[in-house]
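J.: The listed protein sequences correspond, in order, to chains R and W. For what it's worth, the working numbering labels the leading residue of the first sequence as 151, then goes sequentially. For what it's worth, the working numbering labels the leading residue of the second sequence as 21, then goes sequentially. Ideal Cβ placement from N, Cα and C applies to all residues, glycine included. Bear in mind that the values here come from a model prediction, so they are computed numbers and not experimental data.
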Amino acid sequence: MSARAQILDGIRRSLHRGELGGAARQAAEQRLAAPPRGPSVARAQLPQPEKVALFCQWAEANNATVARVAAAEVPGEITGYLARNNLPAQAAMAPSPQLDGYDWASQKMLSLRRGRAEATDQVSITGAFAGIAETGTLVLTSGPDHPVSLNLLPDTHVVVLREADIVAGYEETWQRLRARYGKDVLPRTVNTITGPSRTGDIEQTIELGAHGPRRMHIVVVRE
Amino acid sequence: MQSTARAFKQNAHEALHDPNLQDSLAKLKVGFSERRRQAAERLPEFEALRDRARDIKNHTLENLDFYLEEFERKVLALGGHVHWAPTAEDARRIIADLCKSVGARTIAKSKSMVSEEIGLNDHLEALGIAPIETDLGEYIIQLRHEPPSHIIAPAVHLTKDQVADTFLEHHRELGFTRRLTERNDLVAEARQVLRQKFLDADVGLNGANFLVAETGSSMLVTNEGNADLSNTLPRMQIVLASIEKVIPTLEDAAVLLRVLARSATGQESSAYTTLNTGPKRAGDLDGPEQYHVVILDNGRSSVLGTRMQDMLRCIRCGACMNHCPVYGAIGGHAYGWVYPGPIGAVLTPQLIGVEEAGNLPNASTFCGHCESVCPVRIPLPRLMRHWREREFERHLTPRAARQGLALWSFVARRPKLYRRLSGFANKLLALFGRAEGRYRSLPLASGWTRFRDFPAPQPGGTFHAQWARQHSRVRP
């Protein structure tokens with residue numbers, strides 16, 4: 151008997167039945183086809199402007215910094231952020247059409263390389279698929295326009311998030327993912343990230359910058 | 021991992037007299053427990069979410085074979101691989117073969133309790149493959165050759181100074197010759213040392229908090245970002261997960277995530293929650309070329325359909341141990357195997373046998389705090405009681421305890437005798453004086469009074485005598 155059959159048969163034997171069938175199977179198939187939601191979290195069920203405010207509040211509570219700007223101000227805000235924090239005016243940027251839409255040429259001092267992160271990169275700039283208001287969490291999806299290493303390797307991660315992409319919770323995020331990628335299909339990696347990397351492994355005291363970025367700056371773009 | 025659960029009493033005795041350990045454990049109450057309480061209070065829906073989380077896991081366990089097959093189907097459709105491991109030995113062999121297939125010399129590991137359960141690191145090392153733990157806590161204890169003492173905070177038993185000494189000893193050869201005194205400097209040094217390991221590793225190995233059947237994704241919750249580096253940079257990703265980790269849908273994950281982070285560390289959300297689905301896609305600029313999921317049974321399927329099935333709901337948050345007075349007094353190592361605390365006292369006899377681990381379910385006051393904080397409402401005291409019954413049935417209980425219980429049950433089934441004897445004992449105890457309400461020592465009961473006081477009988481006779489009086493007053 152194969153290892154697979156050994157495990158599955160063992161489960162069925164313990165549950166005193168054969169392969170799942172009948173109404174029970176239909177119920178399970180139905181659950182996969184139309185996933186039922188759990189209790190809704192009231193604090194994020196808000197009109198869009200309040201949702202954006204809630205996102206910013208929780209992101210800051212989780213040690214990210216947030217700037218709210220108009221689209222034309224995005225490149226200037228990022229250059230300013232790097233200067234204010236004594237960081238190099240040099241970054242690896244996701245090769246995404248959304249980011250290419252901003253006027254980077256206006257920033258003469260800012261040097262950008264599009265592609266994945268290298269070990270020596272200190273700053274990365276990426277877009278975001280969504281923001282979750284309930285906890286100030288960013289949703290980042292991998293693809294040719296968004297290498298995952300940009301979310302992880304550099305010390306500083308700058309994320310450009312459109313107000314319209316801020317949703318209430320996980321459930322609204324899954325809905326958007328299905329609309330974008332198809333039901334049952336996810337990109338290779340979906341990172342949901344809440345603030346910079348941290349650890350509490352020494353004496354239960356939180357320290358930032360364990361392995362991922364030490365700083366996270368979120369640029370929320372007004373429409 | 022070799023169990024020392026048989027030596028629980030000796031382990032506990034040593035733990036109680038270890039000043040560093042006692043310093044570390046003193047922080048548990050003000051750390052994890054207090055933060056969990058605050059996080060639960062901030063979310064009005066928390067209790068409803070716990071009910072839902074319990075129901076999701078129950079539903080999944082009833083249909084476990086179906087959801088595992090669905091999960092497998094989705095993984096295969098995206099070019100990933102699924103390996104089934106009935107035993108720990110099977111899982112070790114599968115993982116070693118995968119590592120050898122790409123000529124791996126080092127693997128970047130992120131914390132996985134299942135890998136501790138199957139003793140993976142020792143096995144790989146014996147084959148000349150170096151597993152490098154990258155979670156900070158796991159890294160510290162790997163350097164010290166210690167097992168984890170907590171399922172989410174493996175180095176919680178250590179003080180900052182002990183970590184500083186360990187780093188100085190092991191990092192000196194890498195050019196770090198200064199003994200550090202600040203936590204943030206220790207974190208920064210580990211980051212620097214481990215960064216190169218991530219870049220050099222051939223394989224990334226991690227566990228899973230959940231496997232999502234709907235999408236064929238493995239879901240991982242961390243704070244450090246180490247797991248994400250380990251599943252993004254190396255060319256092969258291996259996910260090691262036990263059968264009960266599968267859940268039906270992303271909506272179910274949303275519920276479980278909300279109770280997991282709050283129960284574990286009191287965070288609203290962990291810093292990183294990641295879904296990995298298959299290997300890198302066409303056009304992706306990074307990510308692994310191969311994606312393998314190893315699904316481990318190791319005795320779990322035999323728990324289904326029994327009164328013990330509830331233990332398989334566990335989502336490994338650690339809240340039960342954070343709130344346990346016994347864990348709080350002796351820490352995790354005294355439990356002698358991989359899973360400590362109340363859930364360890366329930367899982368360990370199942371996984372390595374009640375003969376070996378019978379001490380653990382006895383190490384409980386049945387105060388019930390663990391059950392009251394469990395995000396999936398596992399009735400831990402009831403499950404521990406079950407093991408005590410099995411132990412008694414199999415004559416594993418010490419003779420003195422068995423004889424005492426036999427005597428008590430003989431008397432308890434004879435009410436007249438019971439009343440006469442308890443009334444006599446009550447009067448006899450009164451002779452020893454009850455001014456303080458308790459006795460520091462009693463003849464024939466030194467086994468009890470050596471470690472704690474014995475309560476003195478209350479004035480007014482035995483419970484039965486008082487009851488009879490009350491009863492006659494209420495209804496004459």
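1) Chain B beta carbons: is any one of them nearer than 9 Å to that of residue 351/R?
2) My parser needs the beta strand (DSSP E) runs of 3 or more residues fully inside the segment 360-441 of chain W; what are they?
3) Can you list, in chain order, the residues of the segment 226-246 of chain R whose Cβ is nearer than 7 Å to any Cβ on chain W?
4) For residue 192/R, would you say it is in contact with chain W, using Cβ-to-Cβ distances shorter than 9 Å as the test?
5) For the alpha helix (DSSP H) that contains residue 199/W, what are its first and last residues?
6) Can you tell me whether residue 186/W is helix, strand or coil according to DSSP?
7) At a CB-CB cut-off below 7 Å, which residues of chain R make contact with residue 428/W?
8) Relative to the C-alpha of residue 242/W, which candidate in 275/W, 208/W, 284/W has its C-alpha closest?
9) Return no unless some Cβ of chain W is closer than 9 Å to the Cβ of residue 208/R.
10) Assuming residue 269/W contacts residue 185/R (C-beta within less than 8 Å), just tell me the rounded distance between them.
11) Whose C-beta lies closer than 7 Å to the C-beta of residue 290/R among residues of the same chain, with five residues either side of it excluded?
12) Over the uninterrupted alpha helix (DSSP H) stretch that includes residue 161/R, give me the two end residues.
13) Which residues of the segment 319-337 of chain R have a Cβ closer than 9 Å to any Cβ of chain W? Give them in chain order.
14) Using a Cβ-Cβ cut-off of less than 8 Å, give me the residues of the segment 256-273 of chain W that come near chain R, in sequence order.
15) How is residue 257/R classed by DSSP in three states: helix, strand or coil?
16) Anyone know if the C-beta pair for residue 104/W and residue 164/R falls short of 9 Å?
17) Let me know the secondary structure DSSP gives residue 104/W once reduced to three states.
18) Provide the residue(s) that pair with residue 76/W in DSSP beta bridges, ordered along the chain.
19) List, in order along the chain, the chain R residues whose C-beta lies closer than 8 Å to that of residue 238/W?
20) Please list the terminal residues of the continuous alpha helix (DSSP H) segment that includes residue 217/R.
21) For residue 26/W and residue 156/W, I'd like the C-alpha separation in whole angstroms.
22) Cβ atoms of residue 314/W and residue 84/W: under 9 Å apart, would you say?
23) From residue 196/W to residue 188/W, what does the alpha carbon distance come to, in whole angstroms?
24) Check residue 237/W in the structure and name its three-state DSSP category.
25) Where does residue 274/W land, buried or exposed, given buried means 16+ other C-beta within 10 angstroms?
26) Report yes if the CB atom of residue 214/R is closer than 9 Å to the CB atom of residue 332/R, and no otherwise.
27) Could you compute how far the alpha carbon of residue 239/W sits from the alpha carbon of residue 228/W?
28) Residue 324/W touches chain R at which residues, Cβ-Cβ below 7 Å?
29) Where does the unbroken beta strand (DSSP E) through residue 281/R begin, and where does it stop?
30) Say whether the segment 238-255 of chain R touches the segment 31-39 of chain W, bearing in mind that this needs 3 or more beta-carbon pairs closer than 8 Å, one atom from each stretch.
31) Please decide whether residue 339/R counts as near chain W, where near means a Cβ-Cβ distance under 9 Å.
32) Going straight from the alpha carbon of residue 399/W to that of residue 330/W, what length do you get?
33) If we ignore side chains and look at the alpha-carbon of each, how far apart do residue 173/R and residue 267/R end up?
34) Between the segment 352-370 of chain W and the segment 62-76 of chain W, are three or more C-beta pairs nearer than 8 Å?
35) Does the Cβ of residue 259/R have 16 or more other Cβ atoms within 10 Å, making it buried, or fewer, making it exposed?
36) Residues in its own chain within less than 7 Å of residue 76/W by CB, not counting five upstream and five downstream?
T.: In short, the structure shows the following:
1) The chain inventory of the structure shown lacks chain B, comprising the protein chains R and W.
2) none
3) none
4) The residue labelled residue 192/R in the question sits at position 42 within the first sequence. It does: the Cβ of residue 192/R has a partner Cβ on chain W nearer than 9 Å.
5) As a first step, residue 199/W must be located in the second sequence, where it is residue number 179. Note, residue 199/W: premise wrong, no alpha helix (DSSP H); not H, not E.
6) Within the second sequence, residue 186/W is the residue found at index 166, counting from 1. Residue 186/W: helix per DSSP, three-state reduction.
7) Sequence index remark: in the second sequence, residue 428/W carries index 408 (1-based). The premise fails here: residue 428/W is roughly 36 Å from chain R at the closest Cβ pair, so nothing lies under 7 Å.
8) Here residue 242/W is taken as the residue at index 222 of the second sequence, counted from 1. Closest by alpha carbon: 284/W.
9) For the purposes of this step, residue 208/R is taken as the residue at position 58 of the first sequence. Judged by the 9 Å Cβ criterion, residue 208/R is in contact with chain W.
10) For the purposes of this step, residue 269/W is taken as the residue at position 249 of the second sequence. For the purposes of this step, residue 185/R is taken as the residue at position 35 of the first sequence. Residue 269/W to residue 185/R, Cβ: 4 Å. Contact.
11) Here residue 290/R corresponds to residue number 140 of the first sequence, with the count starting at 1. Around residue 290/R: 276, 278, 279, 296, 301, 341, 343.
12) As a first step, residue 161/R is located in the first sequence; it is residue number 11 there, counting from the start. 153-164 is the span of the alpha helix (DSSP H), which, as asked, contains residue 161/R.
13) 319, 320, 321, 323, 324, 327, 328, 333, 334, 335, 336, 337
14) 263, 268, 269, 270, 271, 272, 273
15) As a working note, residue 257/R is residue 107 in the first sequence. If DSSP states are grouped into helix, strand and coil, residue 257/R belongs with coil.
16) The residue you call residue 104/W lines up with position 84 of the second sequence. The residue you call residue 164/R lines up with position 14 of the first sequence. No. Outside cutoff.
17) Here residue 104/W refers to the residue found at position 84 of the second sequence. Correct three-state label for residue 104/W: strand.
18) For the purposes of this step, residue 76/W is taken as the residue at position 56 of the second sequence. DSSP lists no partner for residue 76/W.
19) Within the second sequence, the letter at position 218 stands for residue 238/W. Residues of chain R passing the Cβ test: none, with the nearest at roughly 11 Å.
20) One-based indexing of the first sequence puts residue 217/R at position 67. First-last for residue 217/R: 215-220, but that is the beta strand (DSSP E), not the alpha helix (DSSP H).
21) For the purposes of this step, residue 26/W is identified with residue 6 of the second sequence, where counting begins at 1. For the purposes of this step, residue 156/W is identified with residue 136 of the second sequence, where counting begins at 1. Between residue 26/W and residue 156/W, the C-alpha separation is close to 30 Å.
22) Residue numbering aside, residue 84/W sits at position 64 when the second sequence is read from its first letter. Residue numbering aside, residue 314/W sits at position 294 when the second sequence is read from its first letter. Going by C-beta atoms, residue 84/W is not nearer than 9 Å to residue 314/W.
23) Residue mapping note: residue 196/W aligns to position 176 of the second sequence, counting from 1. Residue mapping note: residue 188/W aligns to position 168 of the second sequence, counting from 1. Answer to the nearest angstrom: the Cα atoms are 7 Å apart.
24) On the second sequence, residue 237/W is found 217 positions in, with the first residue counted as 1. Three-state result, residue 237/W: strand.
25) Here residue 274/W is taken as the residue at index 254 of the second sequence, counted from 1. With 16 or more Cβ atoms within 10 Å of its Cβ, residue 274/W is classed as buried.
26) Locating residue 214/R in the first sequence gives position 64, counting from the first residue. Locating residue 332/R in the first sequence gives position 182, counting from the first residue. Not a contact, by the Cβ cut-off of 9 Å.
27) Here the question's residue 239/W lines up with position 219 in the second sequence. Here the question's residue 228/W lines up with position 208 in the second sequence. Cα-Cα distance, rounded: 6 Å.
28) Numbered from 1 along the second sequence, position 304 holds the residue referred to as residue 324/W. Correct list: 161, 164, 165.
29) Numbered from 1 along the first sequence, position 131 holds the residue referred to as residue 281/R. Where residue 281/R is concerned, the enclosing beta strand (DSSP E) stretches over 280-282.
30) no
31) Walking along the first sequence from the start, residue 339/R turns up at place 189. Output row for residue 339/R: interface = yes.
32) One-based indexing of the second sequence puts residue 399/W at position 379. One-based indexing of the second sequence puts residue 330/W at position 310. Rounded to the nearest angstrom, the two C-alpha atoms are 7 Å apart.
33) For the purposes of this step, residue 173/R is taken as the residue at position 23 of the first sequence. For the purposes of this step, residue 267/R is taken as the residue at position 117 of the first sequence. Their Cα atoms are separated by approximately 50 Å.
34) no
35) Numbered from its first residue, the first sequence carries residue 259/R at position 109. Its Cβ having fewer than 16 others within 10 Å, residue 259/R is exposed.
36) Your numbering for residue 76/W matches position 56 in the second sequence. Taken in chain order, the residues that qualify are 267, 272, 275, 276.
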